[in-house]
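Worksheet for the structure shown next.
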Amino acid sequence: MAGYPVWWALGFGQFAFWIFAVPMALELVRRHRAHGLPLPPGFALWALFLVWAVAGLALVGLTAPGTLPGSGGLLGALVRVGTYLALTVLLLYVGTTPRVRLGDRAVAAALAWLCVATVAGGYLGLLAPDFSYVSPVERLLPARLADDEYVQTLLRPASAQVMNVLGYDSPRPKAPWEYTNTWGNMLSLLLPWLAVAWFLGRRGPARWAAAAVAAASVVPIVYSLNRALWAGLVLTGAFVLVHLVRRGRPGAALLCACAASVALMAALASPLMDVVRERAAHPHSDEGRAATSAAAVAAASESPVVGWGTTRDMIGSSASIAVGPSPDCPACGNHTIGNNGQFWLALVAHGWVGTALFLAFPAWTAWRHRNDFSQIGTCSLLTILLLFWYMFFYVALTAPLAVSMIAAALLWRRGAETERTAAAVGGVA
Numbered sequence: 052m053a054g055y056p057v058w059w060a061l062g063f064g065q066f067a068f069w070i071f072a073v074p075m076a077l078e079l080v081r082r083h084r085a086h087g088l089p090l091p092p093g094f095a096l097w098a099l100f101l102v103w104a105v106a107g108l109a110l111v112g113l114t115a116p117g118t119l120p121g122s123g124g125l126l127g128a129l130v131r132v133g134t135y136l137a138l139t140v141l142l143l144y145v146g147t148t149p150r151v152r153l154g155d156r157a158v159a160a161a162l163a164w165l166c167v168a169t170v171a172g173g174y175l176g177l178l179a180p181d182f183s184y185v186s187p188v189e190r191l192l193p194a195r196l197a198d199d200e201y202v203q204t205l206l207r208p209a210s211a212q213v214m215n216v217l218g219y220d221s222p223r224p225k226a227p228w229e230y231t232n233t234w235g236n237m238l239s240l241l242l243p244w245l246a247v248a249w250f251l252g253r254r255g256p257a258r259w260a261a262a263a264v265a266a267a268s269v270v271p272i273v274y275s276l277n278r279a280l281w282a283g284l285v286l287t288g289a290f291v292l293v294h295l296v297r298r299g300r301p302g303a304a305l306l307c308a309c310a311a312s313v314a315l316m317a318a319l320a321s322p323l324m325d326v327v328r329e330r331a332a333h334p335h336s337d338e339g340r341a342a343t344s345a346a347a348v349a350a351a352s353e354s355p356v357v358g359w360g361t362t363r364d365m366i367g368s369s370a371s372i373a374v375g376p377s378p379d380c381p382a383c384g385n386h387t388i389g390n391n392g393q394f395w396l397a398l399v400a401h402g403w404v405g406t407a408l409f410l411a412f413p414a415w416t417a418w419r420h421r422n423d424f425s426q427i428g429t430c431s432l433l434t435i436l437l438l439f440w441y442m443f444f445y446v447a448l449t450a451p452l453a454v455s456m457i458a459a460a461l462l463w464r465r466g467a468e469t470e471r472t473a474a475a476v477g478g479v480a
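Numbering (our numbering), first residue to last: 52 to 480.
Here it is in structure tokens:
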């Protein structure tokens with residue numbers, strides 16, 4: 052995770068999770084042979100989801116009602132299942148690695164450095180929105196494959212997505228990620244880890260550095276135009292206040308509330324509010340999101356058990372079934388169902404049952420560890436809970452779900468050590 056900007060620059064960003072999953076998987080096999088491999092509580096739910104995802108591949112060749120025939124590709128479905136498996140390896144590897152070898156603070160520090168890189172990427176997107184280059188990995192591909200727009204999005208490093216959201220072209224930062232929505236999702240998940248690793252876990256210059264990075268992140272956050280990100284940060288603040296009250300620290304909660312109020316007043320008085328007002332006046336993608344979300348619900352209702360194996364392209368648009376892409380409007384119509392959020396993706400790909408299984412493991416983990424009031428435990432719990440917010444707006448694959456898996460692994464590992472300590476004390480008694 053700390054080295055992700057390097058993998059992104061080389062051109063195999065999200066596929067780095069696959070590459071590193073191989074040595075981690077081999078290590079898990081060694082551990083299993085040596086002394087067995089423990090599994091986290093509730094893991095059976097996640098394992099059942101993996102089985103469900105594989106079973107759904109059998110329906111990839113079928114045409115869901117209201118979708119374009121042949122729009123469900125097997126390759127994309129296999130990549131998605133492979134990613135789920137790679138992130139499962141990540142969960143098990145972190146969860147079974149002793150803290151003396153991979154400490155909680157070391158994990159938090161890696162995520163904090165990734166947060167710094169994401170903020171820096173935000174400024175790169177604003178200052179050099181046209182920055183991009185052909186990556187080394189892309190140069191190795193056959194020309195026919197390298198010319199594919201989707202392949203270029205995954206393999207060609209770029210600083211921003213220039214989009215007409217406010218009525219004129221404006222850059223929305225995305226480096227070091229594939230999309231601006233992923234950038235916003237990741238920054239929201241990583242900022243709390245920056246606070247834990249640098250602000251709460253250390254003293255002196257590190258604290259000032261954490262505060263400076265957090266303050267600097269405000270500008271690209273606003274110019275990203277990601278409304279779900281803005282709301283997610285508000286929810287993060289509310290979570291912190293509630294958690295402080297639950298810990299019996301109302302004074303700290305009041306202090307945080309006052310600090311947030313001062314920051315909000317400063318933001319309201321700044322020129323950044325003009326951007327926020329413009330964004331509120333330009334809903335932009337609301338109609339398209341509503342249409343694809345409704346299409347995902349309809350597709351899942353037609354195949355509620357295992358879904359359709361992967362995404363599909365809807366016929367027409369929110370205005371008419373006759374609307375489709377054209378040279379003047381290549382983005383009009385035939386939108387991909389499930390691209391507007393992990394929840395909608397799960398619905399169309401895995402059905403209602405598969406979606407419930409996908410959400411069951413993180414929900415169980417969050418509930419089981421809801422009373423872990425340590426800094427690491429609190430941050431991990433927040434990371435998992437944010438999945439349930441962002442899933443309606445952003446696709447969690449790959450990096451956001453990886454951070455959620457790391458958080459689940461830390462909670463599992465801490466809980467297991469607490470149980471072993473309690474059992475040892477009870478045995479002595």
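The beta-carbon is built from N, C-alpha and C at its ideal position, and this holds for glycine as well. Predicted, not measured: the structure shown is a model, and the values here were computed from it.
Own chain partners of A346 with C-beta closer than 7 angstroms, once the 5 adjacent residues on each side are dropped: Within the sequence shown, residue 346 is the residue found at index 295, counting from 1. If you ignore the 5 residues before and after A346, its C-beta comes within less than 7 angstroms of the C-beta of G117, M365, I388, all in its own chain and listed in chain order.
Comparing C-alpha positions only, which one of L165, L143, L238, L276 sits nearest to D220? Here residue 220 refers to the residue found at position 169 of the sequence shown. Closest option to D220, Cα to Cα, is L276.
Go ahead and pull the three-state DSSP assignment for D423. What you label residue 423 is simply residue 372 of the sequence shown in a count that begins at 1. Coil at D423, not helix or strand.
Minimum C-alpha distance to L494 - residue among A411, L452, T469: Not covered by the structure: residue 494. The range shown for the chain is 52 to 480.
Less than 7 angstroms between C-beta atoms, sequence neighbours within five positions excluded: which residues of the same chain meet that for V185? Start at 1 with the first residue of the sequence shown, and residue 185 comes out as number 134. R207, listed in sequence order.
Compute the Euclidean distance between the alpha carbons of L250 and I427, then round it to the nearest angstrom. To locate residue 250, count along the sequence shown from 1; it is residue 199. To locate residue 427, count along the sequence shown from 1; it is residue 376. At residue 250 the sequence reads Phe, which differs from the Leu that was named. Rounded to the nearest angstrom, the two C-alpha atoms are 13 angstroms apart.
For the beta strand (DSSP E) that D181 lies in, which residues bound it at each end? As a first step, residue 181 is located in the sequence shown; it is residue number 130 there, counting from the start. According to the DSSP assignment, D181 belongs to no beta strand (DSSP E), since it is labelled neither H nor E.
Taking the alpha-carbon positions, what's the L175 to W59 distance? To locate residue 175, count along the sequence shown from 1; it is residue 124. To locate residue 59, count along the sequence shown from 1; it is residue 8. If I take the Cα positions, the gap works out to 14 angstroms.
Count the other C-beta atoms from every protein chain shown that fall within 10 angstroms of the C-beta of D155, then say buried if there are 16 or more, exposed otherwise. The residue you call residue 155 lines up with position 104 of the sequence shown. Looking at its Cβ environment, which holds 16 or more other Cβ atoms inside 10 Å, D155 is buried.
Looking at the structure shown, is M365 part of a helix, part of a strand, or coil, going by DSSP? Start at 1 with the first residue of the sequence shown, and residue 365 comes out as number 314. Judged by DSSP in its simplified three-state form, M365 adopts strand.
Tell me whether the segment 190-202 and the segment 262-280 touch, counting them as touching only if at least three CB pairs, one residue from each stretch, are closer than 8 angstroms. Segments in contact, no.
Can you tell me where the alpha helix (DSSP H) with S221 in it begins and where it stops? One-based indexing of the sequence shown puts residue 221 at position 170. Unbroken run through S221 is the beta strand (DSSP E), 220-224; no alpha helix (DSSP H).
So what does DSSP say about V270, is it helix, strand or coil? Start at 1 with the first residue of the sequence shown, and residue 270 comes out as number 219. Reduced to three states, the DSSP call for V270 is helix.
Rounded to whole angstroms, what is the Cα-Cα separation between W418 and R465? By one-based count along the sequence shown, residue 418 stands at place 367. By one-based count along the sequence shown, residue 465 stands at place 414. C-alpha separation (whole angstroms): 15 angstroms.
Same chain only: Cβ atoms within 8 angstroms of P413, ignoring 5 sequence neighbours per side: Counting from 1 along the sequence shown, the entry for residue 413 is found at position 362. I435, L438, F439, S455, A459.
Residue range of the alpha helix (DSSP H) that includes Q203: Position 152 of the sequence shown, counting from 1, holds the residue named residue 203. Its alpha helix (DSSP H) spans residues 200-206.
May I ask you to verify whether the segment 332-348 touches the segment 76-96, counting CB pairs closer than 8 angstroms and requiring at least 3? No, because fewer than three Cβ pairs between the segment 332-348 and the segment 76-96 fall closer than 8 angstroms, the two stretches do not touch.
Selected residue, minimal CA-CA separation from S431, among V132, T416, G124, E229: Position 380 of the sequence shown, counted from the first residue, corresponds to residue 431. Comparing alpha-carbon positions, the option among V132, T416, G124, E229 lying closest to S431 turns out to be T416.
What is the DSSP secondary structure of T449, reduced to helix, strand or coil? In the sequence shown, residue 449 corresponds to position 398, counting from 1. Per DSSP, reduced to three states, the secondary structure at T449 is coil, with no helix or strand assignment.
What residues are listed by DSSP as bridge partners for Q212? Counting from one through the sequence shown, the residue named residue 212 turns up at place 161. Q212 pairs with R223.
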